[in-house]
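Asks:
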Amino acid sequence: MLAAGQLILAFALASSVSAQGTGFVPLVQKKFDWGNIPYKVDTDVGLPRGPQVGYNICNSTTEGPESLCQTAVINSLDDFCLWAPPEPGQEVGAIEGEMVAWCSKPGHGTRVFPDGTITGVQFTKAPDYIQVVGFMDQTKINMLRGDAGGEMDPHGADLRGNPMGGVLYSQAFTGSYIQVMEWHNFNGADMFCLKACDPRGANDDKYCEHIYDTQGCGFNAPSNARDGVFESCASDNQPFPGQGVQVPASSLCSTFASTDIYGPSATVAVPIPGASTISFATSQNPRPTSAAASASGSVSGSRSGSAAQPSSTGDSDEGSALRFAPTPAMALLAAAVAFLL
Ligand SMILES: *[C@@H]1O[C@H](CO)[C@@H](O)[C@H](O)[C@H]1NC(C)=O
Numbered sequence: 396m397l398a399a400g401q402l403i404l405a406f407a408l409a410s411s412v413s414a415q416g417t418g419f420v421p422l423v424q425k426k427f428d429w430g431n432i433p434y435k436v437d438t439d440v441g442l443p444r445g446p447q448v449g450y451n452i453c454n455s456t457t458e459g460p461e462s463l464c465q466t467a468v469i470n471s472l473d474d475f476c477l478w479a480p481p482e483p484g485q486e487v488g489a490i491e492g493e494m495v496a497w498c499s500k501p502g503h504g505t506r507v508f509p510d511g512t513i514t515g516v517q518f519t520k521a522p523d524y525i526q527v528v529g530f531m532d533q534t535k536i537n538m539l540r541g542d543a544g545g546e547m548d549p550h551g552a553d554l555r556g557n558p559m560g561g562v563l564y565s566q567a568f569t570g571s572y573i574q575v576m577e578w579h580n581f582n583g584a585d586m587f588c589l590k591a592c593d594p595r596g597a598n599d600d601k602y603c604e605h606i607y608d609t610q611g612c613g614f615n616a617p618s619n620a621r622d623g624v625f626e627s628c629a630s631d632n633q634p635f636p637g638q639g640v641q642v643p644a645s646s647l648c649s650t651f652a653s654t655d656i657y658g659p660s661a662t663v664a665v666p667i668p669g670a671s672t673i674s675f676a677t678s679q680n681p682r683p684t685s686a687a688a689s690a691s692g693s694v695s696g697s698r699s700g701s702a703a704q705p706s707s708t709g710d711s712d713e714g715s716a717l718r719f720a721p722t723p724a725m726a727l728l729a730a731a732v733a734f735l736l
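So in this note's numbering, the last spot in the sequence shown is 736, and the numbers never skip.
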């Protein structure tokens with residue numbers, strides 16, 4: 396496995412170098428302002444995994460069940476996206492590079508979760524990241540029943556990301572959309588977690604570590620999420636993934652009825668917990684929601700501890716050994732070539 400993986404890696408990087416000269420840029424280093432996102436973030440040609448499947452300019456024209464939008468957002472309990480397959484029939488692990496954005500509400504030019512997809516979710520805002528962790532009927536978003544799933548992140552063995560060209564934005568950090576450079580999304584076994592690390596933080600790569608791709612949500616994004624409960628909380632930081640699983644204390648939790656925040660009857664725009672200064676600018680949304688901004692959640696007390704949390708999901712990813720890819724592509728290429736010689 397390791398040798399085969401290294402061969403693939405060497406081939407991918409050698410191909411990228413020969414095809415692109417020194418022009419290959421890892422996805423995690425591609426930065427675009429919200430108003431300046433290109434049609435495709437990944438323009439590489441002639442590489443083993445082929446071209447980017449979808450596109451990154453997403454608007455009312457692209458929105459709907461056929462959307463191939465690969466620009467995702469995570470703003471709040473009621474407004475977030477996950478990466479899921481464009482077509483049914485294959486395990487996530489086989490098509491991580493082709494995932495498209497599915498979102499909890501219209502307005503982002505993406506697919507929208509069919510009613511009943513999300514059955515419980517906790518949104519938390521920690522000092523260094525935001526995340527959604529929860530439960531779903533994964534068959535509603537083109538995943539196979541029982542698929543243990545996989546991990547999406549802006550790295551991947553060939554550094555083109557999973558999905559290739561997939562980018563993530565959030566207004567939860569500053570009130571305006573900024574690109575989230577480090578994130579991870581695990582979907583499988585009817586559970587999901589998407590963590591978006593504050594790009595202004597010094598440790599965004601560590602909180603959104605991408606190498607534990609076989610470990611699932613309980614390990615990478617420990618939370619108090621419970622099926623049947625829809626809540627938005629402030630939270631402490633978790634330990635870095637890999638440095639001990641500990642559910643961070645959450646506080647300022649507000650709970651909602653799913654029908655109030657998702658689907659055609661949604662009337663509530665959920666505020667960011669513990670961030671009273673943040674109000675969203677919706678001007679750049681292609682189709683701003685008409686939902687009233689009158690949050691009516693009931694505030695429950697501070698909670699901490701170890702309520703049910705998604706346990707580790709399996710992963711049919713390309714193998715965790717490949718995930719230990721150092722960032723400078725050239726160093727990696729040198730290492731891979733050395734291996735071949
Ligand atoms: C809408 O998105 C499509 C697909 O990315 C793009 O071709 C088109 O130019 C966009 N329309 C506008 C008005 O931005």
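Ideal placement from N, C-alpha and C gives every residue a C-beta, glycine not left out.
1. Counting pairs of beta carbons, one from the region 597-616 and one from the region 559-579, are three or more of them closer than 8 Å?
2. When the Cβ atoms of the region 582-597 are set against those of the region 534-551, are three or more pairs found closer than 8 Å?
3. Where do the ends of the alpha helix (DSSP H) carrying residue 614 lie?
4. Does residue 589 come out as helix, strand or coil in the three-state DSSP assignment?
5. Could you tell me whether the region 468-486 touches the region 526-544, using the rule of 3 or more Cβ pairs below 8 Å?
6. Starting from residue 602 and walking both ways along the alpha helix (DSSP H), at which residues does that stretch end?
7. To the nearest angstrom, how far is the alpha carbon of residue 640 from that of residue 612?
8. Is the CB-CB distance between residue 492 and residue 556 below 9 Å?
9. State the Cα-Cα distance for the pair residue 476 and residue 461, rounded to the nearest angstrom.
10. Collect the residues with a C-beta less than 6 Å away from any heavy atom of ligand 1 and give them in sequence order along the chain.
11. For residue 653, which residues in the same chain have their Cβ closer than 6 Å to its Cβ, ignoring the five residues on either side in sequence?
12. Along the chain, where does the alpha helix (DSSP H) containing residue 656 start, and where does it finish?
13. If you run the structure through DSSP and keep just helix, strand and coil, what is residue 438?
14. Pop quiz: residue 630 and residue 521 are said to be a contact at Cβ under 8 Å. What is the actual Cβ separation, rounded to whole angstroms?
15. Assuming residue 451 and residue 466 form a contact by the criterion Cβ under 8 Å, report the distance between their Cβ atoms to the nearest whole angstrom.
16. Going along the chain, which residues of its own chain have a beta-carbon closer than 6 Å to the beta-carbon of residue 504, five neighbours each way excluded?
17. If you measure between the beta carbons of residue 530 and residue 585, is that distance less than 9 Å?
18. May I ask you to list the residues that DSSP assigns as paired with residue 547?
19. Helix, strand or coil for residue 650? Go by DSSP, reduced to three states.
20. Check whether the Cβ atoms of residue 649 and residue 627 sit closer than 9 Å, and answer yes or no.
21. Cα-Cα, which of 646, 609 and 479 is closest to residue 637?
22. Considering only residues of the same chain and omitting the five flanking positions on each side of residue 432, which have a CB-CB separation below 8 Å?
23. Quick one: measure Cβ to Cβ for residue 743 and residue 525, integer angstroms, because I've assumed they're closer than 8 Å.
24. One question on the structure: do residue 642 and residue 472 come within less than 9 Å of each other, judged by their Cβ atoms?
25. Go ahead and label residue 426 buried or exposed: buried means 16 or more other beta carbons lie within 10 angstroms of its beta carbon, across all protein chains shown.
26. When you compare only the Cα positions, how much space is there between residue 554 and residue 423?
27. List the residues that DSSP assigns as beta-bridge partners of residue 804.
Replies: On the basis of the supplied data:
1. yes
2. yes
3. 611-615
4. strand
5. yes
6. 599-602
7. 10 Å
8. yes
9. 16 Å
10. 434, 450, 452, 454, 456 and 457
11. 625
12. 653-656
13. coil
14. 4 Å
15. 5 Å
16. 453, 454, 457, 458, 464 and 681
17. yes
18. 580
19. strand
20. yes
21. 609
22. 451, 452, 466 and 562
23. A query on residue 743 cannot be resolved here, the shown segment of the chain reaching from 396 to 736 and no further.
24. no
25. exposed
26. 8 Å
27. There is simply no residue 804 to check, as the chain begins at 396 and stops at 736 in what is shown.
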